[in-house]
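Taking the numbering used here as reference, the numbering of the sequence shown is continuous, increasing by one, and the terminal residue is 249.
Cβ coordinates follow ideal geometry from the N, Cα and C atoms, glycine included.
Please read the structure below before turning to the comments.
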Amino acid sequence: MVTAEETEETTRLEAFSDGIFAIAMTLLVLEIRLPEDIAPGTLANSLLHLWRSYLAFLTSFATIGVMWVNHHRVFNLIRRTDQAILAFNLLLMLGVSFLPFPTLVVARHIGTPDGRTAAMFFNGTFTAIAIAWGFLWRYVARRRHLLYEEADHASIHGISRQYLLGPVYYLVALLVAIVSPLTSVIIDLLLAIFFALPARMFHRQSTVSGSRR
Numbered sequence: 037m038v039t040a041e042e043t044e045e046t047t048r049l050e051a052f053s054d055g056i057f058a059i060a061m062t063l064l065v066l067e068i069r070l071p072e073d074i075a076p077g078t079l080a081n082s083l084l085h086l087w088r089s090y091l092a093f094l095t096s097f098a099t100i101g102v103m104w105v106n107h108h109r110v111f112n113l114i115r116r117t118d119q120a121i122l123a124f125n126l127l128l129m130l131g132v133s134f135l136p137f138p139t140l141v142v143a144r145h146i147g148t149p150d151g152r153t154a155a156m157f158f159n160g161t162f163t164a165i166a167i168a169w170g171f172l173w174r175y176v177a178r179r180r181h182l183l184y185e186e187a188d189h190a191s192i193h194g195i196s197r198q199y200l201l202g203p204v205y206y207l208v209a210l211l212v213a214i215v216s217p218l219t220s221v222i223i224d225l226l227l228a229i230f231f232a233l234p235a236r237m238f239h240r241q242s243t244v245s246g247s248r249r
């Protein structure tokens, strides 16, 4: 049976996290700025010249948005919190709140001689966030008393597979940044789509592949 105190604990944590997600997403757009010295008749070209900022904004906005959805999905399975969950969630929020800065860096420097460094910094941040996600979920998944009894095995197993692969994929994107910074940012955008997929898909895939062996 879930007590009112346990419900309040998770609700407060989610409300705190929702605020950080919202602030981080808002800060992203504040970094898209037109040059102050635009000559008359060149506005269209100036807007097109900001394509790096648009790409960086879209990538980070999509990633944070998907993280927010997944955070809500995960905490719908969690019955109660403890000190470790609070600590792991703070670690995750640290990465989320920091993300607008590397987004600004990659927007300004992708396509320049410093593009490689900017893209590696950008992907390094995503990798750290993915690792924080993994720590949080693995801690919870191994302690079933923290989950609702109704939490189904398919969702738990699917989420575990997604978060196990996350740091690996972002590390690959970081390595790609050494060769092609722009490609690595596009990979980050595609990974946001990957993490938006329902967790149950990964459970089915593992079940089917296991039955064929």
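- Each of L182, F162, S216 and H181 was checked against the Cα of L201, and the nearest Cα belongs to F162.
- Assigned with DSSP and collapsed to three states, L218 falls in helix.
- Spatial neighbours of A75 in its own chain (CB-CB distance under 8 Å, excluding positions within 5 residues in sequence) are not present.
- Put simply, the segment 73-92 does not touch the segment 114-123. Fewer than three CB pairs are less than 8 Å apart.
- Unbroken alpha helix (DSSP H) runs of no fewer than 4 residues, entirely contained in the segment 57-117, are found at 79-84 and 87-111, following chain order.
- Here Y199 really is in contact with G170; their C-beta atoms are around 5 Å apart, less than 8 Å.
- Segment contact: the segment 174-181 against the segment 129-146, fewer than three CB-CB distances shorter than 8 Å; contact not assigned.
- Here the C-alpha atom of A155 lies approximately 8 Å from the C-alpha atom of L218.
- It is roughly 8 Å from the alpha-carbon of N159 to the alpha-carbon of V221.
- Cα atoms of E72 and I214: separation of roughly 33 Å, rounded to the nearest angstrom.
- Between V208 and P149, the alpha-carbon positions lie close to 21 Å from each other.
- Under the DSSP assignment, T163 falls in the alpha helix (DSSP H) whose first and last residues are G151 to A177.
- With contacts defined by Cβ atoms closer than 7 Å, G131 and I165 form a contacting pair.
- By the 16-neighbour rule on beta-carbons within 10 angstroms, A92 is buried.
- Contact annotation: F111 and M61 have beta-carbon atoms that are not nearer than 7 Å.
- Under the three-state reduction of DSSP output, L183 falls in the strand class.
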